[in-house]
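In our numbering, the protein residues as written are -3 to 671. Even glycine gets a Cβ: it sits at the ideal position worked out from N, Cα and C. First comes the structure, then the notes that go with it.
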Amino acid sequence: MDTAATRGRASRLAASSPKLSEEYQKSSSKTSESRNPPLIPTPSERLLAGLFPAILIFGTLFSIVSPQTRGADFDPVTQSHSQISPPSYFAHKGNVFNRYFVKQGWVWVTGSFALFALTHPALATGARKLQAFTRYGLVTLWWFLVTQWFFGPALIDRGFRLTGGACQVVTEKVEEGEADPAEFFTAVACKAAGGRWMGGHDISGHVFLLVLGSGFLLQEVGWAVARWAGKGREERAVMMKDGAVKGAGVESATGFGEGGERAEGKIGLGGKVVLGVVGLNLWMLLMTAIYFHTWFEKLTGLITAILGLYAVYIIPRLVPAVRQVNMASFKVPGNLPQLIKSAFAKARANGDLLYFQTQVTVLAPASIPFQLRFSPALASKPTSPLPHPSAAKKVIDPFDNPSKELLVAELHPDHNLVLNKFAIVPEHFILATKGFREQTHLLDEDDLAATYACISAYHDAVPEAELGSDTGEGELFAFFNSGEFSGSSQPHRHIQLLPVARMREDISGGEWDVLAKRLVGEVKDLPFTVFAANIEPGLSGKELRDVYLGLYRQACVAVAALLGKEEIADGAETQTGGEARISYNMAMTRHALIICPRLAEGGPVWDGGEVVGKVSFNGTVLAGTALVKSSVEWDALRNDPMGLFQVLKAIGVPKKYEDEVLETTDEDGIRKGSI
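Right, dumping it as structure tokens:
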């Protein structure tokens, strides 16, 4: 399923009712606005591209009108002023900036870029670093081919020879049979032999280097910092696989304004160094424009640099396959089931985690098999002692450098697998980001790819003879809680995974199975709404995120219609990152991805007309499970299963909105069901 197909379904659903249609139109209006064609740079990029010729034109005009420069001797062969009495310090080729900065220009570009890429939080994930360093590699390749080597002499030297240039002194030696012309095919070799490189068109290497380096650094740092800090909403346009032109944000792993309050010092040390290098580059570009080369040599140097930048940064916007650097290559241990099992048993035996045993029964409110668990020990779950009022508040992050006793494996580059310290289901484990990412922000491409990689690896590690829906062997149920009504408890991003076989323990036969498996198909008489899609092995991280974003946007439209809050839907169709607009749960199995919008965390348990307790739900509600901590709640729900049904009706978009908001569709296996 692609994002465009998801939007098509959302629009048909919206058209089924005036209220939803109004909300949907408001949320999608921004996508219908005209965008730049993908091959046309954005206004900021055009301004940047115009800065370089403006500097060159100003420098050329200055050299004409300046009496000091105009009156100085100028050598038309070397295209420079007399080095004996130059009109300015910067007109002397031996000036320190030329010798140690321009002549070593790509070293400065590389160093400043590496410092930024390795230290700035906008490129915190391995996927983002991979993309940035891939672009660096391509730009560096263009610099190398133009100035260093192109299957022999560099392009600059080949162009000089093709336009009639030669090494003057060496030409005389060749005619006398004293030298091989192939040895002096480059400017460097010619000058080293005491010759004069003259007669052809010499592209300005200084202009080429300074424009290419500055343009590269500004592209990399500018977009990354702007999105991280949430400053400026200019959007690049890209062409999707279906030919639709969308904002580049649909493929971005970085949400707009993702830094939030943590974006203080938005540029960072690396960014400041980059800006310093760029500033010096632009100054030396001006000095080159004033004191060196003809206008045509400067023009061709500028064009050669711009062509390289255009090829790396603009053309890929038209070709989806070129933009898709593979970020979904996660090396999940091949023995994942056994690894989890052994780690859990060891940690439990050593007291490194707590396992709360439960009683379990299966209820069937409205003929929906729902697993009800009762764990009285959870009511006395250990808690940290209350701090002294004068003590500084310390936030404990269980996923920041997890203990070795709970760490199962590292999924390079950005995730860890850790055991749940407070387990209700045996072998419950968690996929957590290594660096801090907000739980309430939209999931990134690598989060989804890593989750599915775990699900696939777990399945593939189990012998085929042991697989089966009756036992649940080889199956994982993954879920994610986001927002105040989702049942989320930790701000550090994490996705939880439960072995289905362990969830089925103490339940006979086919009495219960994971509810998420049924949600893509026809499910009747269910009390809240979900948005579900088929997924299959082989999908890339980007394709998984396309599905996820499409379902999330549908959920936003539904919640906005229900609550009459148009600001929820406003902009949802173009949102690709940052804070989620709604509370929701996500579930993933090997064949399904589900989003459930949430309006409440739970509800009261009634018995004999009195409230006797409360039942709350997190993402396991999409597995068809519920948990209570007291015997009163346990007895009340077993005696009246419809009491559970009433609570389920209150936590999401209720069934009465089904005709208005939800409508089943067979296209691509997507259906809007209700549970």
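Cut-off 6 Å between Cβ atoms - residues of its own chain near residue i, not counting five sequence neighbours on either side
i: LEU52; result: ALA285 and LYS294
i: ILE590; result: ALA512, LEU515, VAL526, ALA528, ALA583 and LEU618
i: ALA301; result: PHE204, VAL207 and LEU208
i: PRO329; result: LEU335 and ALA405
i: PRO422; result: ARG498
i: GLY266; result: LEU111, PHE112, THR115 and HIS116
Those residues which DSSP pairs with residue i across a bridge
i: GLY599; result: VAL611
i: SER478; result: TYR580
i: LEU368; result: THR357 and ALA622
i: CYS552; result: Note: CYS552 sits in no beta bridge, so no partner.
i: ALA428; result: ASN412 and HIS490
i: CYS163; result: TRP193
i: TYR351; result: ALA419
i: PHE473; result: LEU494
i: GLU406; result: ASN412
i: HIS437; result: GLU575
Under the three-state DSSP convention, the category residue i falls into
i: PRO82; result: coil
i: ARG586; result: coil
i: GLY266; result: helix
i: PHE156; result: helix
i: PRO333; result: helix
i: GLY648; result: strand
i: PRO593; result: strand
i: GLU606; result: strand
i: ASP466; result: coil
i: THR136; result: helix
i: ALA220; result: helix
i: ASN346; result: coil
i: THR616; result: helix
i: GLU401; result: coil
i: ASN91; result: coil
i: PRO117; result: helix
i: LEU35; result: coil
i: ASP631; result: helix
i: GLY304; result: helix
i: GLY275; result: helix
Alpha-carbon to alpha-carbon, residue j and residue i
i: LEU427; j: PRO394; result: 12 Å
i: GLU406; j: LEU332; result: 12 Å
i: VAL98; j: ARG157; result: 24 Å
i: ARG154; j: MET283; result: 26 Å
i: PRO533; j: ALA453; result: 11 Å
i: GLU480; j: HIS488; result: 14 Å
i: LEU305; j: MET280; result: 20 Å
i: GLU254; j: LEU119; result: Note that GLU254 has pLDDT 41, beneath the 50 cutoff, so the model's placement of it is unreliable and the number below is only indicative. Computed Cα separation, rounded: 11 Å.
i: PRO600; j: GLY609; result: 6 Å
i: GLU434; j: ALA449; result: 22 Å
i: ILE364; j: GLY505; result: 16 Å
i: GLN215; j: PHE48; result: 14 Å
i: ALA345; j: LEU463; result: 28 Å
i: ALA557; j: GLY573; result: 22 Å
i: SER484; j: ASN581; result: 9 Å
i: GLY101; j: VAL315; result: 31 Å
i: GLU629; j: GLY431; result: 39 Å
i: PHE352; j: PRO372; result: 9 Å
i: SER62; j: LYS187; result: 31 Å
i: ILE36; j: GLY160; result: 36 Å
i: ALA474; j: GLU539; result: 18 Å
i: ILE451; j: LEU472; result: 6 Å
i: LEU126; j: GLY218; result: 17 Å
i: HIS116; j: THR436; result: 21 Å
i: GLU563; j: VAL543; result: 23 Å
i: ILE491; j: PHE476; result: 5 Å
Chain-order list of residues whose beta-carbon lies under 7 Å from that of residue i (same chain, five-residue window excluded)
i: VAL273; result: TRP104, VAL105, SER108 and LEU213
i: HIS77; result: ALA68, ASP69, PHE70, PRO83, ALA87 and TYR287
i: ASN277; result: LEU206, GLY209 and SER210
i: LEU644; result: PRO523 and PHE524
i: PHE129; result: ALA113
i: ALA568; result: SER23, ARG549, CYS552, VAL553 and ARG577
Close beta carbons around residue i, own chain, < 8 Å, minus the five adjacent residues each side
i: ARG369; result: THR354, GLN355, VAL356, ILE420, THR621, ALA622, LEU623 and VAL624
i: VAL458; result: PRO333, GLU469 and GLY470
i: HIS455; result: LEU463, GLY470, GLU471, LEU472 and ARG586
Interface flag, residue i vs chain B, CB-CB below 8 Å
i: GLU460; result: Going by chain labels, chain B is absent from the structure shown, which holds only one protein chain.
Contained beta strand (DSSP E) runs [length at least 3] in the segment 500 to 534, N- to C-terminal order: DSSP runs (the beta strand (DSSP E)) wholly in the segment 500 to 534: 525 to 530.
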